[in-house]
């Protein structure tokens, strides 16, 4: 079980009628329960010590949104949407160079691996992927603008 | 590239006298002297000049002007770890090729060299003049699995190591112009473009691109670059053995990367930065987005941001941007 699979489980539960989900495999147990706002919450990744292989990326159990994956805000009008957030402090660029077209525009369909922008940080050009599947409905930052960690960059209507 | 080529070249490089007999080479390869002669003929066609000396054997008079993969391997023999080495005559951009090979599952670390690039590029997609003129276009590829926050010194650290290599290899005094240019005598001799892909809040692919003017001649440059660019050979007055330099670069970049990963780079980072910072105390102009600020460069802070002392004694910091040295500063 890796972070990606956990994200997928959360996405699946979000889109389903399930309120609770439990899964066990090779000494690894995950329990996800739908919170008050209809938001999936990881209850307890249990018995990690018995785990036969490292699962370092699993975050500590917290009642908040469990992973950094773009998950919809609990506010009612944002259900069904996800946000691509900046994983770092840096400068936002919508294209590979000033002359080339934007990686995505409003209306563009994106998949998990789609490159949506570049964040220049620490002298490194970082390609940012959507990590979600859907349609870009809003671009929330300007080209060349400084962005903060966790700042919302794109609003995506989930497919 | 044939393994026997590497063995022949390695023997010729490592021989104390510089000479190796055809009999010895034949024994090593398990072939006849005639077969050895045929191999040397092949290498001659690739640009090597050998001299057979009676009773002493062959020796290398001159290596090929172009990068020679077997010679790079021969120079690296004896090293414990040798990365994958890919030498291409021409490519769109070595960074693009790196991304294609990563997507195809190539094992890291690996390095791509090209004699020419058709779409060499620098920061923000600016073109990097990349004719087949004896310069080096290289990309090193790693998969570090580090948090992005740990990457802040990476480009500067690798750039400082390129400076060290040039200083030791060519007995020159290069400098690093924040954030990613290598300077010699106030002119640009190289540039760095680091690109990364982030997955689940970790750096997954790290692509370190380097364009280095090695044997490029001033007269071959486009006129608009003649005032601002130079090469190692222009600065030393003699051509550089490209394959030997490439092998030394591989060794240096891999050990620099190791020191970066285990954190030991911090012991020498500041000293190297102080040695190679070409902007220090110079009047400069920084362009960041639509803002233009002039002042005196005052080094970098803990995050690698450029510190600028502006008029009125104020201090400004820049995480990214274009820096121009004032004309009278050079």
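Protein chains in written order, with my numbering: chain A, 20 to 178; chain B, 635 to 964.
C-beta: ideal position from N, C-alpha, C; glycine also.
Nearest chain B C-beta to residue i closer than 9 Å, yes or no?
i, result
"residue 167/A", "no"
"residue 142/A", "yes"
"residue 164/A", "yes"
"residue 133/A", "no"
"residue 124/A", "no"
"residue 115/A", "yes"
"residue 83/A", "Note that residue 83/A scores a pLDDT of 45, beneath 50, so its modelled location is shaky and nothing firm can be said."
"residue 175/A", "no"
"residue 151/A", "no"
"residue 139/A", "yes"
"residue 120/A", "no"
"residue 170/A", "no"
"residue 129/A", "no"
May I ask you to report which of helix, strand or coil DSSP gives residue i?
i, result
"residue 781/B", "coil"
"residue 919/B", "strand"
"residue 27/A", "helix"
"residue 952/B", "strand"
"residue 818/B", "strand"
"residue 131/A", "coil"
"residue 113/A", "coil"
"residue 637/B", "helix"
"residue 755/B", "strand"
"residue 925/B", "strand"
"residue 808/B", "coil"
"residue 766/B", "coil"
"residue 176/A", "strand"
"residue 147/A", "strand"
"residue 833/B", "strand"
"residue 900/B", "helix"
"residue 703/B", "helix"
"residue 694/B", "strand"
"residue 97/A", "helix"
"residue 659/B", "helix"
"residue 168/A", "coil"
Comparing the C-beta of residue i with each C-beta of chain A, is any distance below 9 Å?
i, result
"residue 953/B", "yes"
"residue 766/B", "no"
"residue 963/B", "Caution is warranted here: a pLDDT of 49 is assigned to residue 963/B, below 50, making its placement in the model unreliable, and no coordinate value can be reported."
"residue 895/B", "no"
"residue 773/B", "no"
"residue 732/B", "no"
"residue 759/B", "yes"
"residue 833/B", "yes"
"residue 755/B", "yes"
"residue 922/B", "yes"
"residue 662/B", "no"
"residue 699/B", "no"
"residue 830/B", "yes"
Would you say the beta carbon of residue i comes nearer than 8 Å to a heavy atom of the ligand SAH?
i, result
"residue 863/B", "No copy of the ligand SAH occurs in the structure displayed, which carries no ligand at all."
In chain order, what residues of the same chain have a beta carbon less than 8 Å from the beta carbon of residue i, not counting five sequence neighbours either side?
i, result
"residue 786/B", "937, 938"
"residue 835/B", "781, 782"
"residue 147/A", "103, 105, 106, 134, 135, 136, 137, 138, 172"
"residue 801/B", "807, 808"
"residue 832/B", "782, 838"
Note down, in chain order, each residue of its chain lying with its Cβ closer than 7 Å to the Cβ of residue i, except the 5 sequence neighbours on either side.
i, result
"residue 122/A", "113, 114, 134, 135, 136"
"residue 671/B", "656"
"residue 686/B", "692"
"residue 943/B", "929, 930, 932, 949"
"residue 72/A", "The predicted model places residue 72/A with a pLDDT of 43, which falls under 50 and marks its position as unreliable; any figure quoted below should be read in that light. Here the set comprises nothing."
Can you name, in chain order, every residue of its own chain whose Cβ lies under 6 Å from the Cβ of residue i, other than the five neighbours on each side?
i, result
"residue 177/A", "99, 101, 153"
"residue 960/B", "917"
"residue 899/B", "791, 893"
"residue 157/A", "174"
"residue 922/B", "952, 955"
"residue 170/A", "105"
"residue 795/B", "886, 890"
"residue 958/B", "919"
"residue 797/B", "808, 810, 910"
Assuming residue i and residue j make a contact with CB atoms under 8 Å, what is their CB distance in whole Å?
i, j, result
"residue 882/B", "residue 810/B", "With a Cβ gap of about 18 Å, residue 882/B and residue 810/B do not count as contacting."
"residue 864/B", "residue 847/B", "7 Å"
"residue 707/B", "residue 640/B", "5 Å"
"residue 697/B", "residue 684/B", "So it is not a contact: roughly 10 Å between Cβ atoms."
"residue 127/A", "residue 160/A", "That belief does not hold up - the Cβ atoms of residue 127/A and residue 160/A are roughly 16 Å apart, past 8 Å."
Validate contact between the region 813-830 of chain B and the region 773-790 of chain B using beta carbons, cut 8 Å, 3 pairs:
yes
Stretch pair the region 644-663 of chain B + the region 687-695 of chain B: three plus CB contacts closer than 8 Å:
yes
Counting Cβ pairs, one atom from each stretch, are 3 or more of them under 8 Å apart for the region 164-174 of chain A and the region 658-666 of chain B?
no
Under 8 Å, CB to CB, which of the residues in the region 778-809 of chain B have a partner in chain C?
Absent from the structure: chain C. Protein chains present are A and B.
Would you say the region 887-897 of chain B touches the region 908-928 of chain B, given that touching needs at least three Cβ pairs under 8 Å?
no
Just checking, does the region 704-723 of chain B make contact with the region 813-825 of chain B on the three C-beta pairs under 8 Å criterion?
no
Assess contact between the region 745-755 of chain B and the region 853-870 of chain B, defined as three or more Cβ pairs (one per stretch) separated by less than 8 Å. Is contact present?
no
May I ask you to verify whether the region 769-779 of chain B touches the region 733-749 of chain B, counting CB pairs closer than 8 Å and requiring at least 3?
yes
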